[in-house]
Amino acid sequence: MQRIIWFGLMTLVSGCSVAPTAVSPPQAGVEPVWPAPPLAPRIRYLSQIRAPADPDRQVNLLKRITRRLFGADSASLVRPVASYSVAGKIYVADPGAQGFWIIDPDRGRFRLVQQAGKESLMSPVAITGGARGDLYLADSALGKVLRYDLEGKFLASLNSTRGQTSELKRPVALAFSQNLEQLYIADVARHEIWITDPDGKRLGRFGGRGTKPGRFNFPTHLSLDDDDQLLVTDALNFRIQTFDSEGHFLSSFGHQGDGSGDLAAPKGIAVDHRGNVLVVDALFDAVQIFDSQGKFLLSFGSRGTGSGQFWLPGGIIVTPDNRILVTDTYNRRIQEFQIIPDDGE
Numbered sequence: 170m171q172r173i174i175w176f177g178l179m180t181l182v183s184g185c186s187v188a189p190t191a192v193s194p195p196q197a198g199v200e201p202v203w204p205a206p207p208l209a210p211r212i213r214y215l216s217q218i219r220a221p222a223d224p225d226r227q228v229n230l231l232k233r234i235t236r237r238l239f240g241a242d243s244a245s246l247v248r249p250v251a252s253y254s255v256a257g258k259i260y261v262a263d264p265g266a267q268g269f270w271i272i273d274p275d276r277g278r279f280r281l282v283q284q285a286g287k288e289s290l291m292s293p294v295a296i297t298g299g300a301r302g303d304l305y306l307a308d309s310a311l312g313k314v315l316r317y318d319l320e321g322k323f324l325a326s327l328n329s330t331r332g333q334t335s336e337l338k339r340p341v342a343l344a345f346s347q348n349l350e351q352l353y354i355a356d357v358a359r360h361e362i363w364i365t366d367p368d369g370k371r372l373g374r375f376g377g378r379g380t381k382p383g384r385f386n387f388p389t390h391l392s393l394d395d396d397d398q399l400l401v402t403d404a405l406n407f408r409i410q411t412f413d414s415e416g417h418f419l420s421s422f423g424h425q426g427d428g429s430g431d432l433a434a435p436k437g438i439a440v441d442h443r444g445n446v447l448v449v450d451a452l453f454d455a456v457q458i459f460d461s462q463g464k465f466l467l468s469f470g471s472r473g474t475g476s477g478q479f480w481l482p483g484g485i486i487v488t489p490d491n492r493i494l495v496t497d498t499y500n501r502r503i504q505e506f507q508i509i510p511d512d513g514e
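Every letter in the sequence shown is one number past the one before it in my numbering, and letter 324, counting from 1, is 493.
This is the structure in structure tokens:
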């Protein structure tokens, strides 16, 4: 029990890594699916994104050597922790690179953004989209939430105006409601969730440290469902809490343990089109899936470096076309999975 608590605290605060136990990767030529046959598959592995593919296969040997020596091939993820996807591009918060990536998978293009105006990014740990075709980025070390356009142009700091989010201490998670045009910010140092308008004007805040419903012990990740209910990973209370759009407590599920359906080091959270809740667990190196009431349904992934395996994974999102993107942090990649529809869907 003490080991689980210590591991959870260390992975939460410092991001320490432990080498994955050797687990055989899926057999070559066999497409990983979960659950395994003969059961009907619900999740299928698709691909990984680690570094840009080289589109010019005719580049001569000298140029290839020069690229490697002088960094032209150095565009690769370092320590990705969160992602957002829109219009065919993927945006990845990477504190190891002290910036966020704009990735065009179809073209094999990676671009790293490391500035917020004249200020250098330090520890960008969360990213999401806004209402105006823009991005919000949380930098936990700067204590700021920053706004960019989709091309990576810096637009504004939400902390720059008195009365807005200037009291944030350590923002680590973001979620934005397109319907309500409200931004939700998890401040892990204050154990609070903030609600702001798109420009950062504070509309409300809730939480505080504790174990009772509506209280938090290190809230680290956020997600919104289709009804604009906010789900919060209450990491060291080992539970998922759900709130309405104004921050009123609705329900919770989860408890500490080391078995299927338990939570040991919960991190990223997402909700799929069925209302199922997907929770990344860094200690299990897996994603667990629960129904909307918190009943355990399925897990996928295992510890390792192969396809469908993880090493201290962090964030997760579900795209509108039912793809799952998991930030496989210490394998330095994004892994992509597909939700397989039921026969009736």
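Beta carbons: idealized from backbone N, C-alpha and C, even for Gly.
Query, Result
"Euclidean distance between Cα positions of Asn348 and Gln283", "30 Å"
"Burial state of Pro224 (16 or more Cβ within 10 Å)", "Because the pLDDT at Pro224 is just 35, under 50, the model does not fix this residue reliably, and the value given afterwards should be weighed accordingly. Exposed, by the Cβ-count rule."
"Beta-carbon spacing of Val261, Pro249 below 8 Å", "yes"
"For Glu505, the three-state DSSP class (helix, strand or coil)", "strand"
"CA-to-CA distance, Ile362 to Leu399, given in whole angstroms", "10 Å"
"According to DSSP, residues forming a beta bridge with Tyr305", "Thr297, Arg316"
"Residues of its chain near Phe269, where Cβ-Cβ distance is below 7 Å and the 5 sequence neighbours each way are ignored", "Tyr260, Val261, Ala262, Asp263, Val282, Pro293, Ile296, Leu306"
"Paired residues, beta bridge with His390 - DSSP", "Thr402"
"Short Cβ contact (8 Å threshold) for Leu343 with Leu391", "yes"
"Bridge-paired residues (DSSP) for Leu343", "Ile354"
"Ser255: first and last residue of the uninterrupted beta strand (DSSP E) it sits in", "Looking at the sequence provided, one finds Val at residue 255 rather than Ser. 251 to 255 is the span of the beta strand (DSSP E), which, as asked, contains Val255."
"Complete runs of the alpha helix (DSSP H) confined to the region 440 to 470 [at least 4 residues]", "none"
"Three-state class that DSSP yields for Thr498 in the structure shown", "helix"
"C-beta contact flag for Leu452 and Ala439 at 8 Å", "no"
"Span of the beta strand (DSSP E) around Asp366", "Neither: Asp366 is in no beta strand (DSSP E) and is coded neither H nor E."
"Residue environment, Ala197, which counts as buried when at least 16 other CB atoms sit within 10 Å", "Low confidence applies to Ala197: its pLDDT is 49, below 50, so where it sits in the model is not reliable enough to give any reading."
"Contact under 8 Å by Cβ, Thr498 with Gly483", "yes"
"CB of Arg501 within 8 Å of CB of Arg278, strictly", "no"
"CA-to-CA distance, Leu304 to Lys313, given in whole angstroms", "14 Å"
"Span of the beta strand (DSSP E) around Val487", "485 to 487"
"The beta strand (DSSP E) enclosing Trp480, as first and last residue numbers", "Counting along the chain, Trp480 falls outside any beta strand (DSSP E), and DSSP gives it neither H nor E."
"Spatial neighbours of Asp366 in its chain, beta-carbon cut-off 8 Å, leaving aside the 5 residues before and after", "Glu350, Gln351, Leu352, Leu372"
"Three-state secondary structure (DSSP) of Thr411", "strand"
"7 Å Cβ shell around Asp431 - same chain, five flanking residues per side excluded", "His424, Gln425"
"Pro388 vs Thr402 beta-carbon contact at 8 Å", "yes"
"In DSSP terms, what Pro435 is bridged to", "Asp450"
"CA-to-CA distance, Phe469 to Ile493, given in whole angstroms", "11 Å"
"Buried/exposed call for His417, threshold 16 Cβ in 10 Å", "exposed"
"Expected contact under 8 Å - CB spacing of Arg316 and Gln507 to nearest Å", "Their Cβ separation, rounded to whole angstroms, is 31 Å, which puts Arg316 and Gln507 out of contact at 8 Å."
"Three-state secondary structure assigned by DSSP to Asp273", "strand"
"Boundaries (first-last residue) of the beta strand (DSSP E) holding Leu324", "323 to 326"
"Cut-off 7 Å between Cβ atoms - residues of its own chain near Arg378, not counting five sequence neighbours on either side", "His360, Arg384, Phe385, Asn386"
"Reference Lys436, options Ile486, Leu419, Ala310, Ala266, closest by Cα", "Ile486"
"Phe479 versus Gln504, Asn491, Asp396, residue with shortest Cα-Cα distance", "Gln504"
"Nonlocal neighbours in the same chain, by C-beta distance under 7 Å from Asp397, ignoring five residues either side", "Ser346, Asn348, Leu349, Ser414"
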